[in-house]
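Written out below as structure tokens is the structure these notes cover.
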């Protein structure tokens, strides 16, 4: 048995976070795709009894749940290259933005493809407002932590994999509203560890189409 | 100017977390009470522009926001006594339960006092279910981290200050459903740093009564 196993779903941005972090650290791992529609594996249900959700990282047989916590664990377990800043204040700042992204970004995007008409217009407006706040956190830096790609970049860029779907269903363009954030997206997507993991935007769009149908959303 | 300043509200369990952590570490700080109903201070709004919420901890003039992140910062900045375990796996486990509490517990309690009738019965049932899950995380240990009071205990015990209000509005008793968790509550409340910070349950009940009136909830 591999000492690092990821219970994965290709379309989950939360799984992508863990995969990008593992790539950054150069850790070899066994990827086990979960069939979320066909029934979850016994290993997933016993490893994550509270939520029953991917990603779960098993390290030497011990399960870790919740993507931001897993990425933090990866950073503490395999030291190089560091993803979080070394000073407590920088670490707290990084965790603040990661927490902001966790609380807001993916759900706000979900509100776009789950609605239509006036409700969707509100959802698009809310989503752009969140991106502007996030752009404020990025400021004029190349990456959220400064000059190098790190923790917050991983937490955020994984969700960008769904932006094409959000934009098409909401009929808007992120780059029309947040130029600095959009430049940061392009910068991250050129990175080998990110490019390797982030799936084709069209495949994600088709996945969201499928989700809409399954949930009876026209 | 004091080098540690807390922007505080006496009734906020999130502020209590920060105060208990500071007491545990023996850190002297200046407490500035915010008048949340009368208008927030300029310092609060500029220190926490994203949420505009207490608690904010200012350390040497630099602001920190979000209570769980602040408690983590306090633990990293003032090493003794440690609040989080030293091994990465133990830290990840602690963060998992802190995150679970953050996502679930206070909002579930809010659903009790904000509703009545059938909706309230469902809210009480949901709340007890969350407590049972949390009790599972505690297991047979004295504290969430094992033998000593630590990070998860601080995150959870602060919210216990509102339990009297939840119980009275919902007409139930926590100890009837979760005996081990209730024993843990009693153990924590005997601790000097906790007893000093947690307010009189009756005062909190009256505060929640006031909140109900202000929000037009009968």
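Protein chains in written order, with the working numbering: chain A, 14 to 231; chain B, 14 to 231.
Every residue gets a Cβ at the ideal spot worked out from N, C-alpha and C, and that includes glycine.
Exercise. Residues of chain B with CB under 7 Å from residue 112 of chain A, in chain order?
Worked result: Within chain B, the residues placing a beta-carbon under 7 Å from that of residue 112 of chain A are 79 and 82, ordered along the chain.
For this session: Give the residues of chain A in contact with residue 85 of chain B, contact being defined as C-beta atoms less than 9 Å apart.
Result: Result: 101, 104, 105 and 108.
Exercise. From the DSSP output, which residues share a beta bridge with residue 201 of chain B?
Worked result: Per DSSP, none; premise fails for residue 201 of chain B.
For this session: Report back the beta-carbon spacing between residue 19 of chain A and residue 87 of chain A to the nearest angstrom; my notes put them in contact at under 8 Å.
Result: With a Cβ gap of about 11 Å, residue 19 of chain A and residue 87 of chain A do not count as contacting.
Exercise. Between residue 31 of chain A and the rest of its own chain, which residues show a CB-CB distance below 7 Å, the 5 nearest in sequence each way excluded?
Worked result: Correct list, in chain order: 19, 68, 70, 80, 83 and 84.
Exercise. From this set, B:193, B:22 and B:93, which residue's C-alpha is nearest residue 149 of chain B's C-alpha?
Worked result: Checking every option, the nearest Cα to that of residue 149 of chain B belongs to B:193.
Problem set entry | Residues of its chain near residue 163 of chain B, where Cβ-Cβ distance is below 8 Å and the 5 sequence neighbours each way are ignored | Residues 95, 96, 97, 98, 107, 156 and 157 of the same chain have their beta carbon placed closer than 8 Å to that of residue 163 of chain B, with the five preceding and five following residues left out of the count.
Exercise. From what residue to what residue does the beta strand (DSSP E) around residue 44 of chain B run?
Worked result: For residue 44 of chain B, the enclosing beta strand (DSSP E) begins and ends at 43 to 46.
For this session: Confirm, please, whether the CB-CB distance from residue 202 of chain A to residue 196 of chain A is below 8 Å.
Result: Contact flag unset, no.
For this session: Throw me the rounded Cβ distance for the residue 140 of chain A and residue 169 of chain A pair, which I believe falls under 8 Å.
Result: Not really, about 14 Å apart at Cβ, beyond 8 Å.
Problem set entry | Chain-ordered residues of the region 53 to 78 of chain A with a beta carbon less than 7 Å from chain B | If the cut-off is 7 Å between Cβ atoms, the region 53 to 78 of chain A has 63, 75, 77 and 78 near chain B.
Exercise. How far does the alpha helix (DSSP H) with residue 88 of chain B in it reach, from first residue to last?
Worked result: Taken as a continuous stretch (DSSP letters only), the alpha helix (DSSP H) holding residue 88 of chain B covers 80 to 90.
Exercise. At a CB-CB cut-off below 7 Å, which residues of chain A make contact with residue 146 of chain B?
Worked result: The answer, in chain order, is 63.
For this session: Would you kindly report the start and end of the unbroken beta strand (DSSP E) that includes residue 19 of chain B?
Result: Per DSSP, residue 19 of chain B belongs to the beta strand (DSSP E) from 17 to 21.
Exercise. Just reading off the beta strand (DSSP E) that residue 69 of chain B is part of, what are its end residues?
Worked result: 69 to 72 is the extent of the beta strand (DSSP E) around residue 69 of chain B.
For this session: Name, going along the chain, the residues of the region 178 to 205 of chain A whose beta-carbon falls closer than 8 Å to a beta-carbon of chain B.
Result: Within the region 178 to 205 of chain A, no residue has a Cβ that lies closer than 8 Å to any Cβ of chain B.
For this session: Could you pull out every unbroken alpha helix (DSSP H) segment of at least 4 residues lying fully inside the region 81 to 141 of chain B, listed in chain order?
Result: Here the runs fully enclosed are 101 to 126.
For this session: Could you list which residues in chain A have their beta carbon closer than 7 Å to that of residue 37 of chain B, in chain order?
Result: Correct list: empty, because the minimum Cβ distance to chain A is about 16 Å.
For this session: For residue 50 of chain A, count neighbouring Cβ atoms within 10 angstroms of its own Cβ and tell me buried if that reaches 16, exposed if not.
Result: For residue 50 of chain A, the number of other beta carbons within 10 angstroms of its own is below 16, and it is reported as exposed.
Problem set entry | Below-8 Å beta-carbon distance, residue 89 of chain B vs any chain A residue | Residue 89 of chain B counts as touching chain A.
For this session: For the region 176 to 192 of chain A and the region 38 to 55 of chain A, state whether three or more C-beta atom pairs, one from each stretch, are separated by less than 8 Å.
Result: Short answer: they don't touch.
Problem set entry | Enclosing alpha helix (DSSP H) for residue 183 of chain A [first to last residue] | Segment 176 to 183, the alpha helix (DSSP H) holding residue 183 of chain A.
Problem set entry | Spatially closest choice to residue 233 of chain B from B:165, B:213 and B:190, by CA coordinates | Nothing in the structure corresponds to residue 233 of chain B, since chain B is present only between 14 and 231.
Exercise. Taking the C-alpha atoms as reference points, what is the distance between residue 16 of chain A and residue 100 of chain B?
Worked result: One C-alpha to the other measures close to 18 Å.
For this session: Check residue 147 of chain B in the structure and name its three-state DSSP category.
Result: If DSSP states are grouped into helix, strand and coil, residue 147 of chain B belongs with the helices.
For this session: Go through its chain and collect everything with a Cβ distance to residue 231 of chain B's Cβ below 6 Å, but skip five positions before and after it.
Result: Excluding residues within five positions, none has a Cβ falling inside 6 Å.
Exercise. Got a sec? Which residues, its chain only, sit under 8 Å from residue 52 of chain B by beta carbon, not counting five neighbours each side?
Worked result: Within the same chain, no residue comes within 8 Å of residue 52 of chain B by CB-CB distance, once the 5 residues on both sides are set aside.
Problem set entry | First through last residue of the alpha helix (DSSP H) which encompasses residue 25 of chain B | For residue 25 of chain B, there is no enclosing alpha helix (DSSP H), as DSSP marks it with neither H nor E.
Exercise. From residue 75 of chain A to residue 219 of chain A, what distance separates their C-alpha atoms?
Worked result: Answer to the nearest angstrom: the Cα atoms are 34 Å apart.
Problem set entry | Alpha-carbon spacing of residue 191 of chain A relative to residue 33 of chain B, whole angstroms | Our two residues, residue 191 of chain A and residue 33 of chain B, have alpha carbons roughly 40 Å apart in a direct line.
Exercise. For residue 216 of chain B, which residues of its own chain have a beta-carbon under 7 Å away from its beta-carbon, when the five flanking residues on both sides are left out?
Worked result: Its chain contains no residue whose beta carbon lies nearer than 7 Å to that of residue 216 of chain B once the 5 sequence neighbours on both sides are disregarded.
Problem set entry | Euclidean distance between Cα positions of residue 116 of chain B and residue 211 of chain B | So the two alpha carbons sit approximately 21 Å from each other.
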